[in-house]
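First residue of the sequence shown: 472, per UniProt numbering; consecutive thereafter. Ideal Cβ positions, reconstructed from N, Cα and C, are used throughout, including at glycine. All remarks here apply to the structure that follows.
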Amino acid sequence: ATPVSVMVGTGKAAELGVLFKSGDALEGLQAAQVVALDKTGTLTRGRPELTDLSVLPGFARADVLRLVASAEQDSEHPIARAVVNAAQAEGLPLTATDSSQAVPGFGLDAVVGGMRVQVGADRYMAQLGLDAASFGTQAAQLGDEGKTPLYVALDGALAAILAVADPIKDGSREAVAALHRQGLKVAMITGDNARTAQAIARQLGIDRVQAEVLPGDKAKAVRALQEGGQKVAFVGDGINDAPALAQADVGLAIGTGTDVAVETADVVLMSGDLRGVPNAVALSRSTLRNIR
Ligand code: ADP
Ligand code: MG
472 ATPVSVMVGT GKAAELGVLF KSGDALEGLQ AAQVVALDKT GTLTRGRPEL TDLSVLPGFA
532 RADVLRLVAS AEQDSEHPIA RAVVNAAQAE GLPLTATDSS QAVPGFGLDA VVGGMRVQVG
592 ADRYMAQLGL DAASFGTQAA QLGDEGKTPL YVALDGALAA ILAVADPIKD GSREAVAALH
652 RQGLKVAMIT GDNARTAQAI ARQLGIDRVQ AEVLPGDKAK AVRALQEGGQ KVAFVGDGIN
712 DAPALAQADV GLAIGTGTDV AVETADVVLM SGDLRGVPNA VALSRSTLRN IR
């Protein structure tokens with residue numbers, strides 16, 4: 472591209488709230504065939520709320536919520552905030568943790584008042600050797616509703632299932648439809664459970680889902696999409712999206728996302744609105760067309 476047309480293109484983009492960091496980024500995006508997006512915080516608001524909590528016989532709901540919220544209070548994970556907010560809304564007092572450790576991609580392992588509190592995905596319970604089959608039907612239903620089911624173990628015994636729901640952002644559905652009209656395939660890459668991811672993908676009209684991807688494996692998931700020579704643009708916001716943003720042919724970060732995502736990306740969407748993605752594609756195509 473000639474420098475002048477690239478400058479005009481990047482200038483127009485900036486007016487639309489899309490920051491191309493280089494002329495290469497502007498050129499790269501028009502060649503993309505697949506747009507892959509992170510789910511939490513990218514397609515969804517990233518502010519989940521607690522929607523369900525069922526305890527097994529012998530456990531009291533309020534006690535379980537208080538213990539889980541106490542365990543989660545030091546965690547930065549969006550799920551943690553959902554649980555803490557719910558406990559506070561019910562006026563439940565939190566206890567300081569004796570210890571608290573994230574198990575990335577699986578859940579959280581904490582000790583609260585001498586009680587071991589482990590909370591996380593079904594694969595976390597499997598890793599702990601716990602059989603969560605008694606909640607199987609309920610978990611499947613929660614997933615089909617687009618909610619994320621989570622299990623709670625207290626001192627090594629299964630105690631409860633809870634669910635959080637993270638609303639889809641305004642503009643996400645339209646953005647996917649616009650990308651389709653532009654002839655692009657749209658994929659989702661997420662650490663969330665498969666049923667939940669499928670339900671959200673269905674609501675958004677997304678073609679392809681890779682779920683239960685461990686935090687370190689998002690770049691590998693992008694590489695899988697690139698196999699066969701397809702050019703892939705990846706859109707994300709989180710710390711664990713940075714390797715995928717770097718691996719993609721073009722990385723696009725949500726401007727309100729984490730610093731490392733914004734720094735790693737080739738393109739920054741200043742607002743969280745995903746309609747910036749098809750807008751950026753359209754601009755990159757028209758700029759390059761003007762040159763040829
Ligand atoms: P994502 O950001 O796509 O949800 P993560 O790798 O952060 O992916 O988390 C994957 C899954 O691990 C979550 O969907 C949840 O089931 C579980 N998990 C992670 N952190 C926590 C936490 N602090 N509390 C409960 N569950 C968690
Ligand atoms: Mg995210």
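Exposure of residue i, with buried meaning 16 or more beta-carbon neighbours within 10 Å
| i | result |
| --- | --- |
| D730 | exposed |
| T608 | exposed |
| P749 | buried |
| Q701 | exposed |
| P638 | exposed |
| N761 | exposed |
| residue 426 | Residue numbering for the chain in the displayed model covers 472 to 763; residue 426 lies beyond these limits and cannot be assessed. |
| Q559 | exposed |
| S757 | exposed |
| D641 | exposed |
| A751 | buried |
Identity of the residue in the options nearest residue i by Cα
| i | options | result |
| --- | --- | --- |
| V554 | V574, A533, Q572, D569 | A533 |
| D509 | L745, E616, K702, G600 | L745 |
| A713 | A724, A672, V657 | A724 |
| S570 | G562, L563, L579 | L579 |
| A507 | I710, A692, A751 | A692 |
| L613 | L538, L524, Q653 | L524 |
| D615 | R673, R587, G627 | R673 |
| Q718 | A732, G728, T727 | A732 |
| V684 | G728, L650, A668, H651 | A668 |
| L696 | G709, P519, I660, L536 | I660 |
| L514 | L650, M741, D688, S643 | S643 |
| L759 | L500, P519, F577 | L500 |
| G576 | G687, D708, G627 | G687 |
| R594 | S546, L527, A682, R552 | A682 |
| V475 | R652, G494, D720, R552 | G494 |
Close Cβ partners of residue i (< 8 angstroms) along its chain, the five nearest in sequence each way excluded
| i | result |
| --- | --- |
| F530 | L625, A630, A631 |
| H548 | A573, L579 |
| A540 | V554, V555, A557, A558, Q559, L563, L565 |
Residues near residue i by beta carbon distance below 6 angstroms, same chain, minus five either side
| i | result |
| --- | --- |
| M596 | A603, Y622 |
| I671 | G617 |
| A581 | A542, T568, S571, V588 |
| L538 | V583, V588 |
| G662 | G576, V684 |
Proximal residues to residue i (C-beta, below 7 angstroms), its chain only, five neighbours per side dropped
| i | result |
| --- | --- |
| T522 | K618, A634, V635, A636 |
| R694 | Q718 |
Neighbouring residues (CB closer than 5 angstroms to any heavy atom of the ligand MN): Among the ligands modelled here, namely the ligand ADP and the ligand MG, the ligand MN does not occur.
Note down, one range per segment and in chain order, each alpha helix (DSSP H) of at least 4 residues found wholly within the region 573–626. As far as the region 573–626 is concerned, its whole alpha helix (DSSP H) runs of at least 4 residues are 593–598, 607–615.
Quick check for students: name the residue ranges of the beta strand (DSSP E) that lie wholly in the region 667–718, counting only runs of 3 or more. Complete beta strand (DSSP E) runs here, min 3: 679–681, 703–707.
Within the region 522–546, note down every full alpha helix (DSSP H) run reaching 4 residues or more, in order along the chain. Along the length of the region 522–546, whole alpha helix (DSSP H) runs at least 4 residues long occupy 532–543, reported in chain order.
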